[in-house]
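Report on the following structure.
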Amino acid sequence: MITAGSIGQQPTTRWVQRLDAWWRAANYLSVGQIYLLDNPLLREPLQPRHVKPRLLGHWGTVPGLTLTYAHLSRMIMLHKLDLMLVTGPGHGAAGLNAAAWLEGTYSECYPEISQDEDGMRRLFRQFSFPGGVPSHASAHLPGSIHEGGELGYSLAHATGAVLDNPGLIAACVIGDGEAETGPLATSWQATAFLSPERDGAVLPILHLNGYKIANPTVLARIPRHELNSLLIGHGWRPIEVAGSDPTEVHESYADAVEKCVLGIREIQGAARRGYGSRDRKWPMIVLRTPKGWTGPHEIDGKQVEGSWRSHQVPFAAIREDAHHLACLEQWMLSYRPEELFERDGAPVPMVCDHRPLGTDRISAKPVTHGQVQRDLRLPDPAEHAVEVPMPGTVVAESTKRLGTYLRDAMRLNEEQHNLLLFAPDEHASNRLDAVFEVTGRRWQLATEPGDDHLAPDGRVLEVLSEHLCQGWLEGYLLTGRHGLLSSYEAFAHVVDSMVAQHAKWLHTAARIPWRRPIPSLNYLLTSHVWRQDHNGASHQDPGFVDHVLNKRPELVRVYLPPDANCLLSVADHCLRSHGLVNVIVSGKQPALQYLTADEAAAHCEQGLGVWRWASTDAEGDTDVVMACAGDVPTQETLAAVQVLREFVPDLRIRVVNVVDLARLASPEQHPHGIDDKAYREIFTDAPVIFAYHGYPWLIHRLTYRRPGHDDLHVHGFHENGTTTTPFDMCVLNELDRYHLALAALERVPRVTGRLGHVRQQLLDRLAVHHDHIRRTGEDLPEIREWTWTQ
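Numbering (this note's numbering), first residue to last: -7 to 782.
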């Protein structure tokens, strides 16, 4: 491991003084945010009434964050860097708020938090306080794209931010606690995908302050040479900065950041001149400083600085304990605030001069506020549509058609470099492989003759980690570009918490005027529950949409296109949208097609509607509504209609297809919801048999306030899964045509006299199916070859 201090531009004594003054000011402001309601400059002796009644926040990581901020800012000035900062220990937001206030950005975004004593008082009071700002680096914080509440995603977000941003450096502070998470552990593999020609650079700063909330950290305790080997093996060249003497650490850290900047420029310069090496090691920093540095060394006889006890609030009983109150005052005065702030509370020139200005400031980067966006050019979905002369007679692979659409989208955006596709090793499996006609899979490591479509500048990123795919995509979106993540439906659950965190970010950001809406987070869930008959129960879980629809209704959309042309229409809509989480569920296997391109566009715009060509209620009152959502449920519903026409030809049936699930909700529950009058016009007052792609209770939850809900009967997935045939998956969960037809007949009083005879015939057909698949291993020909007939 390289030790800083041997080469580079050493800071002059004056630079050390300025760095240290800024650092002390930021630390003072951080402590004030955690503790104080009033008396921000300690102009009078500290009293209990000056202290917050509830002390919330995290001190331990703050000195390392403010130290890093100071040195990165210096390097921005020295080298005119385009640099942003991602902080994994986002619970140290007090330090980041302080930095933004010292830079003046905070006052520009929030004029009431002015750069004076009154503004400082408000800065302190609002932190972790009702009506104020949270304790983490959420969207309220200028310059942040990463809240850092749920740990593990900082390095992935930083990597996503620099993709297709060749001039950008994303410095990323990684806490040693966060480094123990699975997503962070795999994020070190970014070097295998980052292009030194087309992308910017990530500068990881692994902060080893030694402790989590109550325990030591693994990477701080393993031998240095083992940590060094681990990082080198992942493609990094670690430079260590260690110590507890501020002057020595300032000098060492300045040298280390300088080496990293020069190392990044050397790698990128060589690659962009055409003679880069695959053996390159990207520079990074390992920072070893005490946890809670510059805070109280000891409280009540127990070590605080340099221990886990400094993680949150070092001492909490300030109002009740006069000794603790005196210790807090002594701690804050140790920063010598009289040297750092003017009489009016503004930072003195020593602190605020010789810092980056304008959009060079870390807290004022337009790219972190959604203010740098590249418009997406998209092809006409109709150019990729399936010809459908008659509904339910043509077979096509929906995602294969989407693949050609995405291929052309790649072509249209080749110069803008603003569209990437992400998947855990599944683009070909999910039939999106047409994109490989125009691009490859991003890959920076060695290649072998049998490798398929690997390219150092590929627009497709595949790594077998849903966490990493989502983290990269989020970083890409948060900095203004566009993308799509495709996944096997069941394994989208791996990123359940990530989508929840992203939705929270979108919700907060939407209320902040200086943040622009970013391109939407788009999922394509395929290889879904009804066609995972070959993989079995582990691959059969449609519940991701339930999870997503629990989030803020104005932010989330779920679409279940019944065929390829509807999939094209929905995907085009989602890729054009901003500020949303869009989930599209579509199968990849050959399936029947129902709507022309124009019909599909109109149907998807409405979100749901009556399929009159499949209905038989045009001349009288509807006996039963056969509703469906999802491609396989749609096919089984139409097949059930044909069964009903065969056995009860006078039955008046209405077929309703739902693409946008939120249309089922009331307008009070979701902005896409239709009113009760429109709902009643579509679903009538007849019994409704609803064939749904996922868990039935979601449909009941969305419609529970609707008229006629007590006569709504939902068929869906009931966790009856195994390795079997496609149709048997439907039978096991009573989503097949025979169970649907039987359910309809059971709820139409005027045909109950014929029910017994029909029921037996339907049960007989199910028995034939049962015996046939166990004898032959495949579905009956009349099932496999079924098409719609008028």
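Idealized CB from N, CA, C, for every residue including glycine.
Computed from a predicted model, the values in this text were never measured in an experiment.
Practice task
Report yes or no: do the segment 263 to 275 and the segment 81 to 101 share at least 3 C-beta pairs separated by less than 8 Å?
Solution key: No, the segment 263 to 275 is not in contact with the segment 81 to 101.
Exercise for the section: Please go through the same chain and pick out, in chain order, the residues whose beta-carbon is closer than 7 Å to the beta-carbon of Arg10, but skip the five residues on each side of it. Expected result: Sequence index remark: in the sequence shown, residue 10 carries index 18 (1-based). Met342 and His346.
Practice task
Give every residue of the same chain whose Cβ lies closer than 8 Å to the Cβ of Leu47, excluding the five residues on either side of it in the sequence, and list them in chain order.
Solution key: Reading the sequence shown from its first residue, position 55 is the one you call residue 47. Around Leu47: Ile26, Tyr27, Val305, Ala308 and Ile310.
Problem - Three or more C-beta pairs below 8 Å linking the segment 242 to 257 and the segment 282 to 300 - result: Contact fails: fewer than three Cβ-Cβ distances are below 8 Å.
Exercise for the section: Would you kindly report the start and end of the unbroken alpha helix (DSSP H) that includes Gln118? Expected result: Working through the sequence shown from its first residue, we reach residue 118 at position 126. If you look at Gln118, you'll find it in the alpha helix (DSSP H) that goes Glu109 to Gln118.
Practice task
Count the C-beta pairs between the segment 135 to 142 and the segment 353 to 368 that are closer than 8 Å, then say yes if the count reaches three, no if not.
Solution key: A contact exists between the segment 135 to 142 and the segment 353 to 368.
Handout entry: Boundaries of the alpha helix (DSSP H) in which Asp12 is found, first to last residue
Key = Translated into positions along the sequence shown, residue 12 becomes position 20. Thr5 to Tyr27 is the span of the alpha helix (DSSP H), which, as asked, contains Asp12.
Handout entry: Neighbourhood of Gln39 by C-beta, 6 Å cutoff - its chain only, sequence neighbours within 5 removed
Key = To locate residue 39, count along the sequence shown from 1; it is residue 47. No residues qualify anywhere along the chain.
Handout entry: the segment 631 to 650 / the segment 513 to 532 touching (three or more Cβ pairs under 8 Å)
Key = No: fewer than three Cβ pairs fall under 8 Å.
Practice task
Determine the closest residue to Val680 out of Asn712, His459 and Ala619, with distance taken between C-alpha atoms.
Solution key: Mapped onto the sequence shown, residue 680 falls at position 688. Cα-wise, what sits closest to Val680 is Ala619.
Practice task
Spatial neighbours of Arg433 within its chain, please: CB distance less than 7 Å, with the 5 preceding and 5 following residues excluded, ordered by chain position.
Solution key: Taking the first residue of the sequence shown as 1, we reach residue 433 at position 441. His445, Leu446, Ala447, Gly450, Val452 and Glu454.
Handout entry: Close Cβ partners of Asp30 (< 6 Å) along its chain, the five nearest in sequence each way excluded
Key = As a first step, residue 30 must be located in the sequence shown, where it is residue number 38. His42.
Problem - Identity of the residue in Asp668, Thr715 and Pro554 nearest Pro699 by Cα - result: Within the sequence shown, numbered from 1, the residue matching residue 699 stands at position 707. When C-alpha distances from Pro699 are compared across Asp668, Thr715 and Pro554, the shortest belongs to Asp668.
Practice task
Compute the minimum distance between the beta carbon of Ala234 and the heavy atoms of the ligand ATP, and state whether it is under 7 Å.
Solution key: The ligand ATP is absent from the structure shown, which contains no ligand whatsoever.
Exercise for the section: Could you spell out where the beta strand (DSSP E) holding Ile161 opens and where it closes? Expected result: Taking the sequence shown and counting its residues from 1, one reaches residue 161 at position 169. Residues Leu160 to Gly167.
Exercise for the section: Could you check what DSSP says for Tyr551 in three-state terms: helix, strand or coil? Expected result: On the sequence shown, position 559 is the one that residue 551 refers to. DSSP places Tyr551 in strand when its eight states are reduced to three.
Problem - Exposure of Asp720, with buried meaning 16 or more beta-carbon neighbours within 10 Å - result: The residue labelled residue 720 in the question sits at position 728 within the sequence shown. Burial of Asp720 is indicated by the presence of at least 16 other C-beta atoms within 10 angstroms of its C-beta.
Exercise for the section: Find out if the Cβ-Cβ distance for the pair Pro55, Thr391 is shorter than 8 Å. Expected result: Sequence index remark: in the sequence shown, residue 55 carries index 63 (1-based). Sequence index remark: in the sequence shown, residue 391 carries index 399 (1-based). It is not a contact, given that the beta carbons lie outside the stated cut-off.
Exercise for the section: Return helix, strand or coil for Asn207, following the three-state DSSP convention. Expected result: Position 215 of the sequence shown, counted from the start, is the residue given in the question as residue 207. Note: Asn207 maps to coil in three-state DSSP.
Exercise for the section: Starting from Thr79, follow its DSSP beta bridges and name the residues at the other end. Expected result: In the sequence shown, counting from the first residue as 1, residue 79 sits at position 87. Answer by DSSP bridge pairing, in chain order: Val165.
Exercise for the section: Mind reading off the beta-carbon distance from Tyr687 to Asp538? Whole number of angstroms is fine, and I expect it under 8 Å. Expected result: To locate residue 687, count along the sequence shown from 1; it is residue 695. To locate residue 538, count along the sequence shown from 1; it is residue 546. Yes, Tyr687 and Asp538 are in contact; Cβ-Cβ is about 6 Å, under 8 Å.
Practice task
Classify Lys294 as helix, strand or coil using the three-state DSSP reduction.
Solution key: Your numbering for residue 294 matches position 302 in the sequence shown. In this structure, Lys294 counts as strand in the three-state DSSP scheme.
Handout entry: Ile775, buried or exposed, once every other Cβ within 10 Å from all chains shown has been counted against 16
Key = Sequence index remark: in the sequence shown, residue 775 carries index 783 (1-based). Classification of Ile775: buried, given that the 10 Å Cβ count is 16 or more.
Problem - Between the CA atoms of Leu772 and His761 - distance to the nearest angstrom - result: Reading the sequence shown from its first residue, position 769 is the one you call residue 761. Reading the sequence shown from its first residue, position 780 is the one you call residue 772. Approximately 7 Å, taken between the alpha carbons.
Exercise for the section: Quick one: give me the first and last residue of the beta strand (DSSP E) that Thr518 is part of. Expected result: Here residue 518 is taken as the residue at index 526 of the sequence shown, counted from 1. If you look at Thr518, you'll find it in the beta strand (DSSP E) that goes Leu513 to Thr518.
Practice task
Assign Val648 to buried or exposed, taking buried as 16 or more other Cβ atoms, counted over all protein chains shown, within 10 Å of its Cβ.
Solution key: Looking up residue 648 in the sequence shown gives position 656. Buried: at least 16 other Cβ atoms inside 10 Å.
Practice task
Can you have a look at Asn201 and say buried or exposed, based on whether 16 or more other CB atoms are within 10 angstroms of its CB?
Solution key: Residue mapping note: residue 201 aligns to position 209 of the sequence shown, counting from 1. Asn201 is buried by the Cβ-count criterion.
Practice task
Can you check the segment 446 to 527 for any alpha helix (DSSP H) of at least 4 residues that lies completely inside it and give the ranges in chain order?
Solution key: Here the runs fully enclosed are 458 to 470 and 488 to 501.
Practice task
Check whether the segment 550 to 568 touches the segment 395 to 413, counting contact only when three or more Cβ pairs, one atom from each stretch, lie closer than 8 Å.
Solution key: Taking 8 Å as the limit for Cβ pairs, the verdict is that the segment 395 to 413 does touch the segment 550 to 568.
Problem - Minimum Cβ-Cβ distance from Val278 to chain C less than 8 Å - result: Judged by its chain identifiers, the structure shown contains no chain C, having just a single protein chain.
Practice task
To the nearest angstrom, report how far apart Arg66 and Leu77 are at their CA atoms.
Solution key: Numbered from 1 along the sequence shown, position 74 holds the residue referred to as residue 66. Numbered from 1 along the sequence shown, position 85 holds the residue referred to as residue 77. Taking the straight line joining both Cα atoms gives about 13 Å.
Practice task
At 4 residues or longer, and completely inside the segment 342 to 411: list those alpha helix (DSSP H) runs for me, N to C.
Solution key: The segment 342 to 411 contains these whole alpha helix (DSSP H) runs: 390 to 404.
Handout entry: Buried or exposed (CB count within 10 angstroms, at least 16 for buried), Asn410
Key = Position 418 of the sequence shown, counted from the start, is the residue given in the question as residue 410. Buried: at least 16 other Cβ atoms inside 10 Å.
Problem - At least three beta-carbon pairs within less than 8 Å, the segment 569 to 587 to the segment 740 to 757 - result: Contact between the segment 569 to 587 and the segment 740 to 757 is absent: fewer than three C-beta pairs spanning the two stretches fall below 8 Å.
Exercise for the section: Rank Gln598, Thr614, Thr676 and Gly124 by C-alpha distance to the C-alpha of Asp652 and give the top, closest one. Expected result: As a first step, residue 652 must be located in the sequence shown, where it is residue number 660. Out of Gln598, Thr614, Thr676 and Gly124, the CA that lies nearest to the CA of Asp652 is found in Gln598.
Handout entry: Reduced DSSP secondary structure (H/G/I, E/B, other) of Gln304
Key = Mapped onto the sequence shown, residue 304 falls at position 312. Three-state result, Gln304: coil.
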